[in-house]
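Colleague: The structure's right below; bear with me while I get my questions together.
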Amino acid sequence: MHDLTVIGAGPAGLSAAKEARLLGLSFIVLERGVAADTVYRYPLGTILFSTSNEVELEAGSLPSDRKPTREEVLAHYNQVAFKKSPDVRCGQQVIDIAGTKRGMEVRTRNACYLSRAVLAAIGGFGKERRLNIPGESPERVSYRFSDPAPFKKKMVMIIGGGNSAAEAAVSFCRAGANVTLSTRAENLYSAPSPESGAAAIKPWVREPLDRAAAEGLVRIYTGCEVAEIGPDSALIKTSEGASERIECDHIFALIGADPDTSLLESAGARIAGDGRPVYNPLTNETTLSGLFVAGHLTREKHIKSAIESARKTVRAIAGGLREGGFSYGRAQG
Numbered sequence: 003m004h005d006l007t008v009i010g011a012g013p014a015g016l017s018a019a020k021e022a023r024l025l026g027l028s029f030i031v032l033e034r035g036v037a038a039d040t041v042y043r044y045p046l047g048t049i050l051f052s053t054s055n056e057v058e059l060e061a062g063s064l065p066s067d068r069k070p071t072r073e074e075v076l077a078h079y080n081q082v083a084f085k086k087s088p089d090v091r092c093g094q095q096v097i098d099i100a101g102t103k104r105g106m107e108v109r110t111r112n113a114c115y116l117s118r119a120v121l122a123a124i125g126g127f128g129k130e131r132r133l134n135i136p137g138e139s140p141e142r143v144s145y146r147f148s149d150p151a152p153f154k155k156k157m158v159m160i161i162g163g164g165n166s167a168a169e170a171a172v173s174f175c176r177a178g179a180n181v182t183l184s185t186r187a188e189n190l191y192s193a194p195s196p197e198s199g200a201a202a203i204k205p206w207v208r209e210p211l212d213r214a215a216a217e218g219l220v221r222i223y224t225g226c227e228v229a230e231i232g233p234d235s236a237l238i239k240t241s242e243g244a245s246e247r248i249e250c251d252h253i254f255a256l257i258g259a260d261p262d263t264s265l266l267e268s269a270g271a272r273i274a275g276d277g278r279p280v281y282n283p284l285t286n287e288t289t290l291s292g293l294f295v296a297g298h299l300t301r302e303k304h305i306k307s308a309i310e311s312a313r314k315t316v317r318a319i320a321g322g323l324r325e326g327g328f329s330y331g332r333a334q335g
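Quick note on the working numbering: the sequence shown kicks off at 3 and runs consecutively.
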């Protein structure tokens with residue numbers, strides 16, 4: 003039996019593993035994909051929005067004079083995952099968590115692990131948002147920014163008003179695509195409303211987007227919603243009721259994502275109205291004794307805070323174990 007099972011090998015999960023090792027806890031990390039899977043899915047050469055000190059797990063590990071690249075961050079996280087926290091098991095999708103008389107039981111498709119506590123650090127972006135409009139299909143719409151090279155001379159529509167959408171529009175322009183950017187926001191650079199889920203566009207993303215628009219490389223439609231997707235076009239409508247059909251070979255709907263809490267909910271943890279788990283803000287323990295959350299699965303919005311929340315949570319777990327442990331899945335609160 004381990005002291006702790008960590009689910010997820012992203013920044014928060016690896017930070018938790020690092021803290022557990024420092025505190026002398028026995029642990030295992032289970033990851034359904036690869037270490038830092040979200041970063042791994044970024045296109046090659048992507049420069050992160052965050053600065054080095056916000057994403058690094060050890061001070062001074064990344065360049066301090068600029069924002070790090072995808073490859074630099076992956077190398078750093080893999081160093082932590084496989085050289086300093088060697089018990090990280092990738093390709094292990096957790097399908098069930100249950101409290102038993104012996105401890106917290108975590109099941110994957112081919113194994114079962116027993117520990118005294120479980121920390122879920124599965125990220126806040128497990129379920130990409132859908133458009134929910136006629137004609138939406140996997141053949142016509144993608145929900146992640148991918149390599150733009152195959153879209154040279156293609157008609158591409160980007161839907162979204164945040165950094166990811168703006169950055170994708172610029173990248174597809176540079177790859178030689180004909181790009182349309184559509185957003186519900188009346189002003190692409192105004193502060194977003196909480197309902198939109200968009201992030202304010204960073205200056206270093208805004209500047210190349212402005213240049214591309216000025217050069218006629220990208221058309222920007224604000225105050226619009228995509229109402230329907232056809233075989234080779236999309237119908238957009240403005241808030242005043244006007245409509246226009248835009249030709250497009252493919253659509254990238256970069257409108258955000260929400261946490262996938264189905265695993266926690268099936269274990270018996272209570273989920274709040276905002277779609278995130280209910281937890282003790284001092285310890286991050288959920289309403290199921292012995293089950294904790296950290297990272298973006300909590301209400302931490304910035305990666306640096308998400309990393310620190312994982313460390314704080316492991317310290318709380320260590321304190322609980324010293325005091326006799328937990329009730330192994332018993333509902334509380």
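In this text, a Cβ means the ideal position worked out from N, Cα and C, and glycines have one as well.
When we look at the beta-carbon of residue 284 and count the other beta-carbons within 10 Å, is it buried (16 or more) or exposed?
Modeller: Within the sequence shown, residue 284 is the residue found at index 282, counting from 1. By the neighbour-count rule (16 or more Cβ atoms within 10 Å), residue 284 is not buried but exposed.
Colleague: Around the Cβ of residue 55, are there at least 16 other Cβ atoms within 10 angstroms (buried) or fewer (exposed)?
Modeller: As a position in the sequence shown, residue 55 is number 53, starting the count at 1. Residue 55 is exposed by the Cβ-count criterion.
Colleague: Where does residue 3 land, buried or exposed, given buried means 16+ other C-beta within 10 angstroms?
Modeller: Mapped onto the sequence shown, residue 3 falls at position 1. Exposed, since its Cβ has fewer than 16 Cβ neighbours within 10 Å.
Colleague: If you run the structure through DSSP and keep just helix, strand and coil, what is residue 201?
Modeller: Against the sequence shown, residue 201 aligns to sequence position 199. With a pLDDT of only 49 at residue 201, under 50, the local geometry of the prediction cannot be trusted, and no value is derived from it.
Colleague: Residues in the same chain with beta-carbon distance under 6 Å from residue 1, minus the five sequence neighbours each way, listed in chain order, please.
Modeller: Nothing in the structure corresponds to residue 1, since the chain is present only between 3 and 335.
Colleague: At the level of alpha carbons, what is the spacing between residue 30 and residue 147?
Modeller: For the purposes of this step, residue 30 is identified with residue 28 of the sequence shown, where counting begins at 1. For the purposes of this step, residue 147 is identified with residue 145 of the sequence shown, where counting begins at 1. Distance between the alpha carbons of residue 30 and residue 147 is about 31 Å.
Colleague: I need the boundaries of the beta strand (DSSP E) containing residue 250, first residue and last residue.
Modeller: Position 248 of the sequence shown holds residue 250. Residue 250 -> no beta strand (DSSP E), and no H or E assigned at all.
Colleague: Considering just the uninterrupted stretch of the alpha helix (DSSP H) at residue 266, what are its terminal residues?
Modeller: As a first step, residue 266 is located in the sequence shown; it is residue number 264 there, counting from the start. Its alpha helix (DSSP H) spans residues 264-269.
Colleague: Do you know whose CA, among 26, 72 and 58, lies nearest residue 66's CA?
Modeller: Indexing the sequence shown from 1 puts residue 66 at position 64. Ranking 26, 72 and 58 by Cα distance to residue 66 puts 58 first.
Colleague: Any idea if residue 256 is buried or exposed, counting beta-carbon neighbours within 10 angstroms, 16 or more meaning buried?
Modeller: As a first step, residue 256 must be located in the sequence shown, where it is residue number 254. So residue 256 counts as buried.
Colleague: Should residue 166 go down as buried or exposed, given a rule of 16 or more other Cβ atoms within 10 Å for buried?
Modeller: The residue given as residue 166 occupies position 164 in the sequence shown. The residue is buried, with at least 16 neighbouring Cβ atoms inside 10 Å.
Colleague: Using beta-carbon positions only, say whether residue 161 and residue 228 come within less than 7 Å of one another.
Modeller: To locate residue 161, count along the sequence shown from 1; it is residue 159. To locate residue 228, count along the sequence shown from 1; it is residue 226. Yes, they are a contact pair.
Colleague: Express the C-alpha separation of residue 92 and residue 74 in angstroms, rounding to a whole number.
Modeller: Here residue 74 refers to the residue found at position 72 of the sequence shown. Here residue 92 refers to the residue found at position 90 of the sequence shown. Taking the straight line joining both Cα atoms gives about 20 Å.
Colleague: DSSP on residue 53, reduced to helix/strand/coil?
Modeller: Position 51 of the sequence shown, counted from the start, is the residue given in the question as residue 53. Correct three-state label for residue 53: coil.
Colleague: Measure the beta-carbon distance from residue 125 to residue 116 and round it to whole angstroms, keeping in mind my assumption that it falls under 8 Å.
Modeller: In the sequence shown, the residue the question calls residue 125 occupies position 123. In the sequence shown, the residue the question calls residue 116 occupies position 114. Their Cβ separation, rounded to whole angstroms, is 24 Å, which puts residue 125 and residue 116 out of contact at 8 Å.
Colleague: In the DSSP assignment, the alpha helix (DSSP H) including residue 317 goes from what residue to what residue?
Modeller: In the sequence shown, residue 317 corresponds to position 315, counting from 1. Taken as a continuous stretch (DSSP letters only), the alpha helix (DSSP H) holding residue 317 covers 305-324.
Colleague: Would you tell me roughly how many angstroms separate the C-alpha atoms of residue 286 and residue 296, rounded to the nearest one?
Modeller: Stepping through the sequence shown from its first residue, residue 286 is reached at position 284. Stepping through the sequence shown from its first residue, residue 296 is reached at position 294. Each residue's alpha carbon lies about 7 Å from the other.
Colleague: Specify, as a first and last residue, the run of the alpha helix (DSSP H) that residue 78 falls within.
Modeller: If you number the sequence shown from 1, residue 78 lands on position 76. 72-81 is the span of the alpha helix (DSSP H), which, as asked, contains residue 78.
Colleague: Just to confirm before moving on: does the CB-CB distance between residue 81 and residue 32 stay below 7 Å?
Modeller: Reading the sequence shown from its first residue, position 79 is the one you call residue 81. Reading the sequence shown from its first residue, position 30 is the one you call residue 32. Cβ atoms of residue 81 and residue 32: not closer than 7 Å.
Colleague: How should residue 261 be labelled, buried or exposed, when 16 other C-beta atoms within 10 angstroms of its C-beta is the threshold for buried?
Modeller: The count along the sequence shown starts at 1 and reaches residue 261 at position 259. With 16 or more Cβ atoms within 10 Å of its Cβ, residue 261 is classed as buried.
Colleague: Can you give the beta carbon distance from residue 265 to residue 101, rounded, assuming they're within the 8 Å contact cut?
Modeller: For the purposes of this step, residue 265 is identified with residue 263 of the sequence shown, where counting begins at 1. For the purposes of this step, residue 101 is identified with residue 99 of the sequence shown, where counting begins at 1. Not a contact, Cβ separation roughly 14 Å.
Colleague: Going by the beta-carbon positions, is the gap between residue 177 and residue 151 smaller than 7 Å?
Modeller: Translated into positions along the sequence shown, residue 177 becomes position 175. Translated into positions along the sequence shown, residue 151 becomes position 149. Taking 7 Å as the Cβ cut-off, residue 177 and residue 151 qualify as a contacting pair.
Colleague: Please tell me whether, using a cut-off of 6 Å, the distance from the CB of residue 57 to the nearest non-hydrogen atom of the ligand SAM is below it.
Modeller: The ligand content of the structure shown is nil, which means the ligand SAM is not present either.
Colleague: With burial defined as no fewer than 16 other Cβ atoms inside 10 Å of the residue's Cβ, what is the status of residue 118: buried or exposed?
Modeller: Within the sequence shown, the letter at position 116 stands for residue 118. By the neighbour-count rule (16 or more Cβ atoms within 10 Å), residue 118 is buried.
Colleague: Might you give, ordered along the chain, the residues of its own chain that have their beta carbon closer than 6 Å to the beta carbon of residue 128, omitting 5 neighbours on each side?
Modeller: Here residue 128 refers to the residue found at position 126 of the sequence shown. Hits under 6 Å: 261 and 262.
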